[in-house]
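Per our numbering, numbering of the sequence shown is gapless, rising by one per residue and ending at 172.
Glycine included, every Cβ here is placed at the ideal spot set by N, Cα and C.
This structure is a prediction, so every number in the text was calculated from the model and none was measured.
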Amino acid sequence: METTTRLGDLIAITNRLIDLMGKEIEMLRSMRPQDIGALQKDKVSLALAYERHMQELRDDPSLLAAAKPNLKVELKRITGRFQKVLNENESAIKAVKSVSEKLLTAIANAVTEQRGNAAAYSKEGAIGGNAGVPGATPVPLTLNEQL
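Quick look at the structure:
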């Protein structure tokens, strides 16, 4: 009974992780990475429980050996699904990261182009490339890349 319960718990935890990561993938594909934060507490909790159960199986292989065949089949099936979702999640994260990096580069290039070659103050107190341009005020800019 204990083996059945432990493996049943692992299967349930893995299912919940798959569902949660599916939501995360959808948020990433919808370009809403800012919404992922709401899932992180549950994701961390489930990931820790998953790791704890997997460690028990590694520490005591007799648990898996004593399991009913249908439970072993289900565990193998759900583990395969979990691996697939992990790969999809990784791809989605890489895609969002790539888009974000390209966007930041485009913004930085546009700011650099707009500023021109401003390197020093002119005698009028304007910054280099903006000297003599009415209303031209240098604007400080800081980019914080975060995902």
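How about residue i and residue j: do their beta carbons lie closer than 8 Å?
{"i": "ALA91", "j": "THR30", "result": "no"}
{"i": "LEU42", "j": "LEU71", "result": "yes"}
{"i": "LEU45", "j": "ASP60", "result": "no"}
{"i": "ASN112", "j": "ILE50", "result": "no"}
Tell me which residues share the same chain as residue i and place their Cβ nearer than 7 Å to its Cβ, disregarding the 5 neighbours each side in the sequence.
{"i": "ILE103", "result": "ILE36, THR39 and ASN40"}
Do you know offhand how far residue i's Cα is from residue j's?
{"i": "LYS122", "j": "LYS93", "result": "43 Å"}
{"i": "ARG83", "j": "LYS97", "result": "15 Å"}
{"i": "HIS78", "j": "ARG140", "result": "57 Å"}
{"i": "SER87", "j": "GLN65", "result": "33 Å"}
{"i": "GLY108", "j": "ILE132", "result": "The question names Gly, but residue 108 in the sequence shown is Gln. About 36 Å."}
{"i": "ARG54", "j": "ALA63", "result": "16 Å"}
{"i": "GLY105", "j": "LEU32", "result": "15 Å"}
{"i": "ILE118", "j": "ASN95", "result": "34 Å"}
{"i": "THR130", "j": "LYS48", "result": "29 Å"}
{"i": "GLU81", "j": "VAL124", "result": "40 Å"}
Inset, instruction - Give a yes or no on contact between the region 73–85 and the region 127–137, applying the rule of three or more CB pairs nearer than 8 Å. - result: no
Inset, instruction - Jot down the residue ranges of each uninterrupted alpha helix (DSSP H) in the region 51–119, minimum 4 residues, whole runs only, in chain order. - result: 62–84 and 87–90
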